[in-house]
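K.L.:
Chain order of the listed sequences is P and S. Residue numbering for the first sequence follows UniProt numbering, starting at 1 and increasing by one per position. Residue numbering for the second sequence follows UniProt numbering, starting at 1 and increasing by one per position. Sharing a structure below in structure tokens format, with a few things to ask.
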Amino acid sequence: MLKRKTIFFAFGLLAMLCFVAACSNGEKGEGGEEGVSTYTFFNASSTGKDVNTAETKIGKMFEEETGVNFDIEHIVGDSNQKIGTMIASGEYPELLNAQNATNDVIDAGGFLPLNDLIEEHAPNLRKLYDPIWEKMKQEDGNIYILPSGVSNGYIKPPNIGQSAFFIRRDALKEQGYPQPKTIDEYFDIIEKYAKAHPTINGADTIPYTILQYDWHVGQLFDPPAFLSGEQEGIMVDNETLDVSVHHNQDITKNWLQKLNELNSKGLLDKESFTQNYDEYLAKISSGRVVGWFGPQWESAAALDTLEQDDDPYNDFMGFPIVFEEGIKDQYLNPESYVTSPGTGLTAGTDEEDQVKIIKFLDHIAKVDSQKLITWGIEGETYEVNEEGRFYRTEEQIEQVSNKEFADEFGFTALGWYWPIMSGTFDDGNSVDPEVQPEVAQLSYDEVDKEFLEAYNIEVFTDLFTEPDPAPWFPFWDAVIETGSEAQLYDQQSRDLIKQSYPDIILADPAKFDAQWNSFKQEFEKLPYKAYEQVIEDSVKKEASLME
Amino acid sequence: MKTKANAVTSQAFPESQTGRVKSFIATCKSQKALLLMTVPFVIWVFVFKYLPVWGWTMAFQDFKPARSFSEQEWVGFKHFAFLFTDDRFLGVLRNTLAQSLINLVLGFVTAIGLAVLINELTNVKFKRVVQTISYLPHFLSWVVAAALISSLLSMDGIINELLIGLNIIDDKILWLGVGEYFWGILAASDIWKNVGWNTIIYLAAISMIDMEQYEAAKIDGASRLQRIKYITIPGMKPVIVVLLIMNMGYIIEAGFEAQYLLGNGQNIEYSENIDVFVINYGISMFNFSLATAAGIFKTVISLIFLIAANSFSKKMGQGGLY
Numbered sequence: 001m002l003k004r005k006t007i008f009f010a011f012g013l014l015a016m017l018c019f020v021a022a023c024s025n026g027e028k029g030e031g032g033e034e035g036v037s038t039y040t041f042f043n044a045s046s047t048g049k050d051v052n053t054a055e056t057k058i059g060k061m062f063e064e065e066t067g068v069n070f071d072i073e074h075i076v077g078d079s080n081q082k083i084g085t086m087i088a089s090g091e092y093p094e095l096l097n098a099q100n101a102t103n104d105v106i107d108a109g110g111f112l113p114l115n116d117l118i119e120e121h122a123p124n125l126r127k128l129y130d131p132i133w134e135k136m137k138q139e140d141g142n143i144y145i146l147p148s149g150v151s152n153g154y155i156k157p158p159n160i161g162q163s164a165f166f167i168r169r170d171a172l173k174e175q176g177y178p179q180p181k182t183i184d185e186y187f188d189i190i191e192k193y194a195k196a197h198p199t200i201n202g203a204d205t206i207p208y209t210i211l212q213y214d215w216h217v218g219q220l221f222d223p224p225a226f227l228s229g230e231q232e233g234i235m236v237d238n239e240t241l242d243v244s245v246h247h248n249q250d251i252t253k254n255w256l257q258k259l260n261e262l263n264s265k266g267l268l269d270k271e272s273f274t275q276n277y278d279e280y281l282a283k284i285s286s287g288r289v290v291g292w293f294g295p296q297w298e299s300a301a302a303l304d305t306l307e308q309d310d311d312p313y314n315d316f317m318g319f320p321i322v323f324e325e326g327i328k329d330q331y332l333n334p335e336s337y338v339t340s341p342g343t344g345l346t347a348g349t350d351e352e353d354q355v356k357i358i359k360f361l362d363h364i365a366k367v368d369s370q371k372l373i374t375w376g377i378e379g380e381t382y383e384v385n386e387e388g389r390f391y392r393t394e395e396q397i398e399q400v401s402n403k404e405f406a407d408e409f410g411f412t413a414l415g416w417y418w419p420i421m422s423g424t425f426d427d428g429n430s431v432d433p434e435v436q437p438e439v440a441q442l443s444y445d446e447v448d449k450e451f452l453e454a455y456n457i458e459v460f461t462d463l464f465t466e467p468d469p470a471p472w473f474p475f476w477d478a479v480i481e482t483g484s485e486a487q488l489y490d491q492q493s494r495d496l497i498k499q500s501y502p503d504i505i506l507a508d509p510a511k512f513d514a515q516w517n518s519f520k521q522e523f524e525k526l527p528y529k530a531y532e533q534v535i536e537d538s539v540k541k542e543a544s545l546m547e
Numbered sequence: 001m002k003t004k005a006n007a008v009t010s011q012a013f014p015e016s017q018t019g020r021v022k023s024f025i026a027t028c029k030s031q032k033a034l035l036l037m038t039v040p041f042v043i044w045v046f047v048f049k050y051l052p053v054w055g056w057t058m059a060f061q062d063f064k065p066a067r068s069f070s071e072q073e074w075v076g077f078k079h080f081a082f083l084f085t086d087d088r089f090l091g092v093l094r095n096t097l098a099q100s101l102i103n104l105v106l107g108f109v110t111a112i113g114l115a116v117l118i119n120e121l122t123n124v125k126f127k128r129v130v131q132t133i134s135y136l137p138h139f140l141s142w143v144v145a146a147a148l149i150s151s152l153l154s155m156d157g158i159i160n161e162l163l164i165g166l167n168i169i170d171d172k173i174l175w176l177g178v179g180e181y182f183w184g185i186l187a188a189s190d191i192w193k194n195v196g197w198n199t200i201i202y203l204a205a206i207s208m209i210d211m212e213q214y215e216a217a218k219i220d221g222a223s224r225l226q227r228i229k230y231i232t233i234p235g236m237k238p239v240i241v242v243l244l245i246m247n248m249g250y251i252i253e254a255g256f257e258a259q260y261l262l263g264n265g266q267n268i269e270y271s272e273n274i275d276v277f278v279i280n281y282g283i284s285m286f287n288f289s290l291a292t293a294a295g296i297f298k299t300v301i302s303l304i305f306l307i308a309a310n311s312f313s314k315k316m317g318q319g320g321l322y
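Dropping the structure here:
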């Protein structure tokens, strides 16, 4: 009997020991080598493989210089839930990017004020963030987070990364490279092509589809603004800085009317309002879709598949479509000064560690390091010509586009989400290699060139008008308080629109007006004025800080 | 649960000593091993079921995680008022109850039916295969199941192809795009996923029935159907009643994943239930107070249903849970 008891006891003790050991493993501590500190950076803005920075080439170089490396952890699942748990427990990783929950972490006192730390220990960071230093300050005057992509001079991107009306290249080629300017011209091309090709690769052609799932609502919500020459999915008067939502305005009615017509002609994908994000991506990458609107990045995964297959004509080309001729398109993003989300040091970090981490960030902020995390190593991942212009050879372009290489080199782990510039370096080279004209033009293949020639342009964004400067851009980094009417509007309007727009669009054209009016009535009940006020205040404040 | 077990065992020992207290102590002594075994579960129930009730205070505050309890701002019934005056909430409540009731009724009928059918199989191999296949979907996560279901029901999905092939419908139907179909789709998916699993407990109940009853019935000339009607089903009755009462307590829990994953703008009028509403307007807006208020409301409703079902079953002479 006694013997059995002892064994039980021993087992229990052993189990306890394992548990304790497992816990303490998770604690931060000295890395394998002496004098090297390992911290954790939790990134809720991005998914990906967890990695230690020192396992990458650039990260190793940084470790040698600063004695610091980071375990980068990414979000799995819902970020608000994960961050919510951190807030509730008060336990944070040393560095945190809290995505949408950034303000909640600040409210909860989870981020440390960085002003003094930077002024004292990080001259390079101070310099990097100088253009938005005042704007980064929260209401209490403290800076808690460091956003990525501090603008340093505007450079027009050669390829479309943001919103546009996209159309299958084959349709353009077949119809003699027309250049649609208005929404009617655009839908005409789609209609003609869909009639001529009822099936693509054996499956039914999908003339026009819309993604509307979870937070992916821009494809349905934003076109009225873009078609009217606005810079984002909300109306901002660039002179008076008045802000208004457009869901109850005539431009939205026009847009829905166009979709209603499209649907009555049988050209709108019936699954538009029920498909989820994965189904949408599968649809785009099947090559059966002729046209869609949206930001390029939202569909990037599918577009990459199309680009890599054998058929160069199933790729898409984007156009800046407007309601009527004479409206100036504003699809390209102006020089922007995003201040949230960003990466911040969290409460509970020792003072000694705070200094080490801020010095590491300061090291990244040096111009040489900035070139390292964007362009890489000279002679290895890029070259410099006599005039000091950076370029990449075709092999180098091939090499860096290989995901494994980018992972090993450190382009993936270090780069965006760390302190990083955007736009141009002081020597005139683009920060983002893909935006450098020398690189972009080299990466165009034969068919790309065929289209560039047909439209008589050098890069694909030449079809787009240069953006007007908008110091408030973007509007969506406005702080919307938890529990406020504006926050409630955000959710309620989304729910209402997700429910009503499909009814309006799929309605019998004779009933369109009735459906629209009943939606408008419902919408007028929502506290949209409160939302407009919050955005307007933020826009005005940001504009005044940038003067 | 555990207290019930104790009650049962203490009844097994007849009162041989004078005085109830004495007998109670004696019973405790004689069953100290059993009592000891319940201790972890009592602790578990206390920690996970009773301590969190303290968190109900959140429903009456504008709760902010960073503040300590004394710093929280008390707002009375504000969140309940929001909940009950919101236009959507009535619809949400209707959806919850309807989805739940449909699932409950169909779930019971199909599970009991399948259990009886499986029990009547004589070929053991075939029986095992049927059982395994029918309960396998239970182990699929709803995320996977929802993806399967939405591709089955898509425009090019097999359901449309089949119905058109059989000339039942003329045009393809966007099943998930028609709100009115949602409850049916949900119930069907739920049955497909859980019916096999739910039969297990009924099969166990059937196996408890004395075989001699069947033999006697056979000799008396009862047909198969009569044996099912007069022996199998009455034999299962106590289990059915207990499960029914327990499930009544969950009537307001219509599930969350399926509605969340299969719901979309076009069927939201029928798909959104309390849990989805709480996620959208509570948790993901960091409005924990509203989520708690909804939780309290759910608990109250559950309690009412549970008590009602229990007393109803007692009146029907079936004996309740307590």
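We treat Cβ as the ideally placed atom computed from N, Cα and C, and that holds for glycine. Note that this is a predicted model, so its numbers are computed, not measured.
Compare the Cα-Cα distances from P/D304 to each of P/I284, P/F293, P/V322, P/V36 and report the closest residue.
P.N.:
Against the first sequence, residue 304 of chain P aligns to sequence position 304. Per the Cα distances, P/I284.
K.L.:
Got a sec: which bits of the stretch 112-127 of chain P sit with their beta carbon under 8 Å from any beta carbon on chain S, in order along the chain?
P.N.:
Under the 8 Å Cβ criterion, the stretch 112-127 of chain P contributes no residue.
K.L.:
Only counting runs of 3 or more residues, tell me where the beta strand (DSSP E) segments fall wholly within the stretch 455-531 of chain P, in order along the chain.
P.N.:
Qualifying beta strand (DSSP E) stretches: none in this window.
K.L.:
In whole angstroms, give me the CA-to-CA distance for S/F182 and S/W175.
P.N.:
Within the second sequence, the letter at position 182 stands for residue 182 of chain S. Within the second sequence, the letter at position 175 stands for residue 175 of chain S. Looking at the two C-alpha atoms, the distance is approximately 8 Å.
K.L.:
Three-state secondary structure (DSSP) at P/I206?
P.N.:
In the first sequence, counting from the first residue as 1, residue 206 of chain P sits at position 206. DSSP places P/I206 in strand when its eight states are reduced to three.
K.L.:
Cβ of S/G265 less than 8 Å from any chain P Cβ?
P.N.:
Numbered from its first residue, the second sequence carries residue 265 of chain S at position 265. Yes, S/G265 counts as interfacial toward chain P.
K.L.:
DSSP three-state call for P/Y417: helix, strand or coil?
P.N.:
Within the first sequence, numbered from 1, the residue matching residue 417 of chain P stands at position 417. If DSSP states are grouped into helix, strand and coil, P/Y417 belongs with coil.
K.L.:
Among S/F305, S/N273, S/K314, whose alpha-carbon lies nearest the alpha-carbon of S/N95?
P.N.:
Taking the first residue of the second sequence as position 1, residue 95 of chain S is located at position 95. Nearest option by C-alpha distance: S/N273.
K.L.:
Going by DSSP, which residues form a beta bridge with P/A164?
P.N.:
Residue mapping note: residue 164 of chain P aligns to position 164 of the first sequence, counting from 1. P/G294, per the DSSP bridge assignment.
K.L.:
Is the CB of S/I301 under 8 Å away from at least one CB in chain P?
P.N.:
Translated into the one-based positions of the second sequence, residue 301 of chain S becomes position 301. No, because no Cβ of chain P sits closer than 8 Å to the Cβ of S/I301.
K.L.:
Go ahead and label P/E27 buried or exposed: buried means 16 or more other beta carbons lie within 10 angstroms of its beta carbon, across all protein chains shown.
P.N.:
On the first sequence, residue 27 of chain P is found 27 positions in, with the first residue counted as 1. Caution is warranted here: a pLDDT of 42 is assigned to P/E27, below 50, making its placement in the model unreliable, and no coordinate value can be reported.
K.L.:
Quick check: what's the CA-CA separation for P/A486 versus P/W418?
P.N.:
Position 486 of the first sequence, counted from the first residue, corresponds to residue 486 of chain P. Position 418 of the first sequence, counted from the first residue, corresponds to residue 418 of chain P. Taking the straight line joining both Cα atoms gives about 31 Å.
K.L.:
Using the rule of at least 16 other Cβ atoms within 10 Å of the residue's Cβ for burial, across every protein chain shown, is S/V8 buried or exposed?
P.N.:
On the second sequence, position 8 is the one that residue 8 of chain S refers to. Here S/V8 scores only 45 on pLDDT, less than 50, and its place in the model should not be relied on; the value that follows carries that caveat. With fewer than 16 Cβ atoms within 10 Å of its Cβ, S/V8 is classed as exposed.
K.L.:
So, does the CB of S/N95 fall closer than 8 Å to a CB anywhere in chain P?
P.N.:
Your numbering for residue 95 of chain S matches position 95 in the second sequence. Taking Cβ atoms only, chain P never reaches closer than 8 Å to S/N95, which makes this a no.
K.L.:
Compare the C-beta of P/I87 with all C-beta atoms of chain S and state if any pair is closer than 8 Å.
P.N.:
Residue mapping note: residue 87 of chain P aligns to position 87 of the first sequence, counting from 1. So yes, P/I87 belongs to the interface.
K.L.:
Are there 16 or more other CB atoms within 10 angstroms of the CB of S/M208, so buried, or fewer, so exposed?
P.N.:
For this step, residue 208 of chain S is matched to residue 208 along the second sequence. S/M208 is exposed by the Cβ-count criterion.
K.L.:
Please list the partners that P/N80 has in chain S, where partner means a Cβ-to-Cβ separation under 8 Å.
P.N.:
What you label residue 80 of chain P is simply residue 80 of the first sequence in a count that begins at 1. The answer, in chain order, is I283, S284, F286.
K.L.:
Return helix, strand or coil for S/W74, following the three-state DSSP convention.
P.N.:
Here residue 74 of chain S refers to the residue found at position 74 of the second sequence. In the structure shown, S/W74 sits in a strand (DSSP, three-state: E or B).
K.L.:
Based on the DSSP secondary-structure assignment, which residues constitute the bridge partners of residue 409 of chain S?
P.N.:
The structure shown does not extend to residue 409 of chain S, since chain S spans only 1 to 322, so no value can be given for it.
K.L.:
Could you work out which residues of chain P lie near S/P65, taking near to mean beta carbons separated by less than 7 Å?
P.N.:
Against the second sequence, residue 65 of chain S aligns to sequence position 65. Going along chain P in sequence order, the residues near S/P65 (Cβ under 7 Å) are I87, A88, A108.
K.L.:
Rounded to the nearest angstrom, what separates P/Q330 and P/F319 at their Cα positions?
P.N.:
Your numbering for residue 330 of chain P matches position 330 in the first sequence. Your numbering for residue 319 of chain P matches position 319 in the first sequence. When rounded, the distance between both Cα atoms is 11 Å.
K.L.:
Which residues of chain P have a Cβ atom closer than 8 Å to the Cβ of S/E269, listed in chain order?
P.N.:
For this step, residue 269 of chain S is matched to residue 269 along the second sequence. Under the 8 Å cutoff, chain P gives Q499.
K.L.:
Could you have a look at P/I200 and say whether DSSP puts it in helix, strand or coil?
P.N.:
Here residue 200 of chain P refers to the residue found at position 200 of the first sequence. Note: P/I200 maps to strand in three-state DSSP.
K.L.:
Assign S/W44 to one of two classes, buried (16 or more other C-beta atoms within 10 Å of its C-beta) or exposed (fewer than that).
P.N.:
For the purposes of this step, residue 44 of chain S is identified with residue 44 of the second sequence, where counting begins at 1. By the 10 Å Cβ count, S/W44 comes out exposed.
K.L.:
Using a Cβ-Cβ cutoff of less than 8 Å, which residues in the same chain neighbour S/I228 once the five nearest sequence positions on both sides are dropped?
P.N.:
The residue labelled residue 228 of chain S in the question sits at position 228 within the second sequence. Taken in chain order, the residues that qualify are V116, E120.
K.L.:
Is it right to say P/E536 is buried, meaning 16 or more other beta carbons lie within 10 angstroms of its own, or is it exposed?
P.N.:
In the first sequence, counting from the first residue as 1, residue 536 of chain P sits at position 536. Answer is buried; the Cβ neighbour count reaches 16.
K.L.:
Are the CB atoms of P/F475 and P/V217 nearer to each other than 8 Å?
P.N.:
Taking the first sequence and counting its residues from 1, the one referred to as residue 475 of chain P is at position 475. Taking the first sequence and counting its residues from 1, the one referred to as residue 217 of chain P is at position 217. No, these two residues do not count as a Cβ contact at 8 Å.
K.L.:
What's the gap between the Cα of S/D275 and the Cα of S/E253?
P.N.:
Locating residue 275 of chain S in the second sequence gives position 275, where the first residue counts as 1. Locating residue 253 of chain S in the second sequence gives position 253, where the first residue counts as 1. The straight-line gap from Cα to Cα measures roughly 8 Å.
K.L.:
Helix, strand or coil for P/M235 per DSSP?
P.N.:
Here residue 235 of chain P refers to the residue found at position 235 of the first sequence. The answer is strand: DSSP assigns P/M235 an E or B state.
K.L.:
Reducing DSSP to helix, strand and coil, say where P/H74 ends up.
P.N.:
Locating residue 74 of chain P in the first sequence gives position 74, where the first residue counts as 1. P/H74: strand per DSSP, three-state reduction.
K.L.:
Return the residue from the list P/S46, P/F42, P/M61 that minimises the CA-CA distance to P/F360.
P.N.:
The sequence position of residue 360 of chain P within the first sequence is 360, counting from 1. For P/F360, the nearest C-alpha among the options comes from P/M61.
K.L.:
Would you mind stating whether residue 566 of chain P and P/V105 have Cβ atoms separated by less than 8 Å?
P.N.:
The first residue shown for chain P is 1 and the last is 547, placing residue 566 of chain P beyond what the model contains.
K.L.:
By Cβ distance below 6 Å, which residues in the same chain neighbour P/F405 in space, the five residues on each side in sequence not counted?
P.N.:
Counting from one through the first sequence, the residue named residue 405 of chain P turns up at place 405. These residues qualify, in order along the chain: Q399.
K.L.:
Return the Cβ separation of S/I245 and S/L303 in integer angstroms, given the expectation that the two are a contact with Cβ distance under 8 Å.
P.N.:
Sequence index remark: in the second sequence, residue 245 of chain S carries index 245 (1-based). Sequence index remark: in the second sequence, residue 303 of chain S carries index 303 (1-based). Wrong, their Cβ atoms sit about 13 Å apart, outside the cutoff.
K.L.:
Tell me, please, which residues DSSP counts as bridged to P/M317.
P.N.:
For the purposes of this step, residue 317 of chain P is taken as the residue at position 317 of the first sequence. Answer is P/I167, bridged to P/M317.
K.L.:
Would you say the beta carbon of P/N43 is closer than 7 Å to some non-hydrogen atom of the ligand ZN?
P.N.:
The model depicted lacks the ligand ZN and carries no ligand whatsoever.
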